[in-house]
Amino acid sequence: MTTRRHGSEDEGQYYFQSASAQSNSARRAEKSKNTAGAPLKLNAKLSAVVRDERNEGCVFVADNGGGVRRVDLKTNKTTHTYRGPRNPVTSICSDPSGTLLFAGCWDNTIWSWDVNTGKQRQRYTSHSDFVNCVTCCEIALPVTIEGEDDSHCLLLMSGSVDATIIVWRVSTGERLHTLKGHTRGVLDLAIDPMSSLLVQPHSLHPSTIYLFSAASTPEIRSWRITYSSAAETTSTLAAPADENTQPSALTPDEQVLSAADSAPLNFHATSVNKILFSPSSVGAAPYENTLFTASSDNTAQCLTRPIVPSSSPSHNVTSHPKPQPWTSTDTFTHPDWVRSLVHDPDTNLLVTGCRDEEVRVWDMSSGECVKTLTGHFESVEGVCLVTLVEEGNKKRGSSKWIVSVSLDGTLRRWRLDGEDDAQKLERTDVDGENVDASSGKAGKAKVLATEEEDQELADLMAELEDDD
75 MTTRRHGSED
85 EGQYYFQSAS
95 AQSNSARRAE
105 KSKNTAGAPL
115 KLNAKLSAVV
125 RDERNEGCVF
135 VADNGGGVRR
145 VDLKTNKTTH
155 TYRGPRNPVT
165 SICSDPSGTL
175 LFAGCWDNTI
185 WSWDVNTGKQ
195 RQRYTSHSDF
205 VNCVTCCEIA
215 LPVTIEGEDD
225 SHCLLLMSGS
235 VDATIIVWRV
245 STGERLHTLK
255 GHTRGVLDLA
265 IDPMSSLLVQ
275 PHSLHPSTIY
285 LFSAASTPEI
295 RSWRITYSSA
305 AETTSTLAAP
315 ADENTQPSAL
325 TPDEQVLSAA
335 DSAPLNFHAT
345 SVNKILFSPS
355 SVGAAPYENT
365 LFTASSDNTA
375 QCLTRPIVPS
385 SSPSHNVTSH
395 PKPQPWTSTD
405 TFTHPDWVRS
415 LVHDPDTNLL
425 VTGCRDEEVR
435 VWDMSSGECV
445 KTLTGHFESV
455 EGVCLVTLVE
465 EGNKKRGSSK
475 WIVSVSLDGT
485 LRRWRLDGED
495 DAQKLERTDV
505 DGENVDASSG
515 KAGKAKVLAT
525 EEEDQELADL
535 MAELEDDD
């Protein structure tokens, strides 16, 4: 049953809203008054945030209005706006040098810009549906390519609702490979830093990369990619991923890794929204792959795979023909979908963003949630870590902060390594007095969209996920 409020200035906002929808709108309006996490209001639903690797204290933020911007957290100012998209931007990444910025968009394309000038660069068009995720890396060029002066090039990988992953050459926009295997939309991509290191320990630019992909199904798949070939890592003579690539025999080292990835990983009950390899995966022997996953089954998981290389200088892994399979070593249970995550190897803390509007910090050594950061009033879609130098505080120097973005249109920051007054949730009325959180008082805070508009966006996003 729908309800309409007559004779009030809020009539338009509540037209055709159910009683529960009205109550939720009122709750969000009241909660929107809080200043926890020093909110920066960006006037659009925010979908992703990543750290700017070249500019300390800066992040890139994407929103559903087609906006991509660089925000300086020291000044709370937008320093660059990257223009072009007119549809929601779902994902962003930069190249390894931090000079190029890429954005996946609901217009089925990937946009790119020069980070410093904001000038639009190549646009990548071949997907037939929304682009959900992008990632970029360097790869060695085969010596057989004529007319190439460089020994390596940049690859861009994109995943789409059309259930494919496309591998692009960044400089030309050429589609090198189309990877097929997922049965539903691809939600996230992550490059395994461990496999290339073990197979090619002395290569500045690896000739083979290993890409993991998550989708609107429980499975996580892995792919072996070179400049001239690409295939799912399911056999020692892999079938081509599409008609443009030929089967290629694997080296003995690669056969060992493929044996460990002979089937998709299946640890969740439904869609896997985010996957992330921990930076601590690359270090001194013994090696251990660590992959974090976030799912619509209300959990995040830590997956590990020990890989012990030989003692030879080449670290040839073929002396261990049966590496350990992936196992789930920790499960972090949430009350709702887990939408985003990031891991800090220095403190061994895991940070998650959830559809229940909360940011949580987990101690990996105990598996316990040690901090819940309340302030957002819609789903937390992205989290990242940034080091900020605290000027005028010589004793503390610099510290790590969590940066979170939400569909509520705010960017918030939270100290990772300690309590901060700005993290405490405070609800105040117009006179500055405390308001009981259970009072249900609506207040007059401006909301960015009606409940129906929220539901329309949720219905579109539901096409990317399977919560059944």
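Note that this note's numbering numbers the sequence shown so that position 243 is 317, with each residue one more than the last. For glycine and all other residues, C-beta sits at the position ideal for the given N, C-alpha and C. Since the structure is predicted, the reported quantities are computational estimates derived from the model, not experimental observations.
With burial defined as no fewer than 16 other Cβ atoms inside 10 Å of the residue's Cβ, what is the status of residue i: buried or exposed?
i: Gln194; result: exposed
i: Gln196; result: buried
i: Arg160; result: exposed
i: Val425; result: buried
i: Ser245; result: exposed
i: Asp482; result: buried
i: Thr403; result: exposed
i: Asp541; result: Low per-residue confidence applies at Asp541: pLDDT is 44, beneath 50, and the placement is therefore not dependable, though the value from the model is reported in the following sentence. Exposed: under 16 other Cβ atoms inside 10 Å.
i: Val145; result: buried
i: Lys105; result: buried
i: Ala337; result: exposed
i: Thr149; result: exposed
i: Ala93; result: exposed
i: Ser439; result: exposed
i: Ser225; result: exposed
i: Val346; result: buried
i: Val444; result: exposed
Among the options, which has the Cα closest to the Cα of residue i?
i: Phe351; options: Thr403, Ala304, Met268, Ala136; result: Met268
i: Asn372; options: Gly140, Pro338, Leu415; result: Leu415
i: Gly111; options: Asp491, Leu459, Leu447, Phe341; result: Leu447
i: Asp418; options: Lys474, Asp404, Ala103, Asp430; result: Lys474
i: Val433; options: Val205, Gly456, Asn422; result: Gly456
i: Ser33; options: Ser99, Pro113, Arg102; result: Residue 33 lies beyond the residue range present for the chain, which begins at 75 and ends at 542; the question has no answer from this structure.
i: Thr155; options: Ser472, Thr191, Trp400, Asp181; result: Thr191
i: Val119; options: Asp137, Asp224, Arg128, Glu127; result: The sequence shown places Lys at residue 119, not Val. Of the candidates Asp137, Asp224, Arg128, Glu127, the one whose C-alpha sits nearest the C-alpha of Lys119 is Asp137.
i: Val460; options: Cys211, Ser453, Ser472; result: Ser472
i: Val189; options: Cys167, Leu424, Phe341; result: Cys167
i: Lys348; options: Arg125, Pro162, Thr291, Phe204; result: Thr291
i: Glu442; options: Leu423, Ser106, His226; result: Leu423
i: Ser202; options: Ile213, Ala237, Cys210; result: Ala237
i: Asp126; options: Gln96, Ser370, Cys458, Arg258; result: Cys458
i: Thr183; options: Val235, Ala103, Asp224, Ser92; result: Val235
i: Ser480; options: Ser121, Ala103, Lys107; result: Ser121
i: Leu462; options: Asp224, Ser440, Trp488; result: Trp488
i: Ser453; options: Thr484, Arg143, Glu464; result: Thr484
Would residue i pass as a contact of residue j if the rule is Cβ separation under 8 Å?
i: Cys207; j: Val260; result: yes
i: Trp297; j: Leu253; result: yes
i: Leu147; j: Val135; result: no
i: Cys132; j: Thr109; result: no
i: Glu294; j: Leu339; result: In the sequence as displayed, the identity of residue 294 is Ile instead of Glu. In this structure, Leu339 lies closer than 8 Å to Ile294 by Cβ.
i: Gly178; j: Thr199; result: no
i: Leu228; j: Asp169; result: yes
i: His408; j: Cys376; result: no
i: Val241; j: Ala304; result: yes
i: Ile239; j: Gly247; result: no
i: Ile299; j: Thr282; result: yes
i: Trp411; j: Ser370; result: yes
i: Ala374; j: His279; result: no
i: Thr378; j: Glu362; result: yes
i: Pro380; j: Ser302; result: no
Provide the residue(s) that pair with residue i in DSSP beta bridges, ordered along the chain.
i: Ala304; result: Ile299
i: Asn363; result: Arg379
i: His408; result: The partner list for His408 (beta bridge, DSSP) is empty, contrary to what the question assumes.
i: Ala288; result: Asp262, Ile294
i: Trp400; result: Beta-bridge pairing links Trp400 to no other residue.
i: Leu114; result: Leu485
i: Gly427; result: Ser414, Val433
i: Asn206; result: Answer is none; Asn206 lacks a bridge partner.
i: Asp146; result: Cys132, Lys151
i: Val457; result: Ser478
i: Ser232; result: Val208, Ile240
i: Ala68; result: Look at the range of the chain in this structure, 75 to 542, and you will see that residue 68 is not part of it.
i: Ser176; result: Correcting the residue type first, residue 176 is Phe in the shown sequence and not Ser. In the DSSP output, where bridge partners are listed per residue, Phe176 has Cys167, Ser186.
i: Lys445; result: Val435
Just confirm the distance between the C-beta atoms of residue i and residue j, as a whole number of angstroms; I'd bet it's less than 8 Å.
i: Leu285; j: Met231; result: 6 Å
i: Phe544; j: Glu431; result: Here the chain covers residues 75 to 542 and nothing more, so residue 544 does not appear.
i: Gly449; j: Arg486; result: 5 Å
i: Thr307; j: His342; result: No, Thr307 and His342 are not in contact; Cβ-Cβ is about 20 Å, not under 8 Å.
i: Arg25; j: Gly172; result: Because the chain spans 75 through 542 in this model, residue 25 falls outside it and cannot be assessed.
i: Pro162; j: Trp185; result: With a Cβ gap of about 12 Å, Pro162 and Trp185 do not count as contacting.
i: Arg258; j: Ala289; result: 5 Å
i: Leu490; j: Thr421; result: 7 Å
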